[in-house]
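Here the structure comes first, spelled out in structure tokens, and everything after it is commentary.
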């Protein structure tokens with residue numbers, strides 16, 4: 009049997025941001041915060057010895073480092089992120105994690121608003 013494997017690790021963080029591109033007086037031009045959830049999908053062939061695409065301990069370590077840079081921080085101050093939209097957050101997280109993990113996609117959600125964005129790496 010042939011097939012493709014995808015594993016997913018999820019994490020959450022709390023952070024604040026502003027949107028300078030909104031019209032003056034818009035509520036999102038003021039600092040405000042959200043609870044975010046992130047799902048990182050990784051693809052690959054399982055290692056013949058371990059049977060794992062990636063060891064979840066390695067995944068956890070990489071995510072812990074990225075989460076620490078986001079959690080309870082002001083997203084507008086994170087170098088390389090740009091405007092802290094869901095789109096830019098998904099792309100930035102993918103870029104940070106792809107250095108050590110076989111990232112296929114990153115989905116960032118704001119559950120309280122029913123919003124999400126999925127970024128697929130090419």
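Residue numbers (the numbering used here): 9 to 130.
Just so you know, even glycine gets a beta-carbon here, dropped at the ideal spot from N, CA and C.
Which of the three DSSP states is assigned to residue i in this structure?
i	result
residue 86	coil
residue 69	helix
residue 108	coil
residue 74	helix
residue 126	strand
What does the Cβ neighbour count give for residue i, buried or exposed, with the cut at 16 atoms within 10 Å?
i	result
residue 104	buried
residue 25	buried
residue 54	exposed
residue 92	buried
residue 57	exposed
Excluding five sequence neighbours on each side, which residues of the same chain lie with their C-beta closer than 8 Å to the C-beta of residue i?
i	result
residue 124	94, 115, 116, 117, 118
residue 111	48, 49, 50, 102, 105, 129
residue 18	45, 46, 47, 48
Would you tell me roughly how many angstroms separate the C-alpha atoms of residue i and residue j, rounded to the nearest one?
i	j	result
residue 135	residue 14	This structure cannot speak to residue 135, because the chain is shown only from 9 to 130.
residue 50	residue 80	26 Å
residue 122	residue 41	15 Å
residue 1	residue 31	Residue coverage of the chain in this structure runs from 9 to 130, which leaves residue 1 outside it and unanswerable.
Give me, in chain order, the residues of the same chain whose beta-carbon lies closer than 7 Å to that of residue i; leave out the 5 immediate sequence neighbours on both sides.
i	result
residue 96	89, 90
Ignore the nearest five residues each way along the sequence and tell me which others in residue i's own chain have a CB closer than 6 Å to its CB.
i	result
residue 21	44, 75, 78, 79
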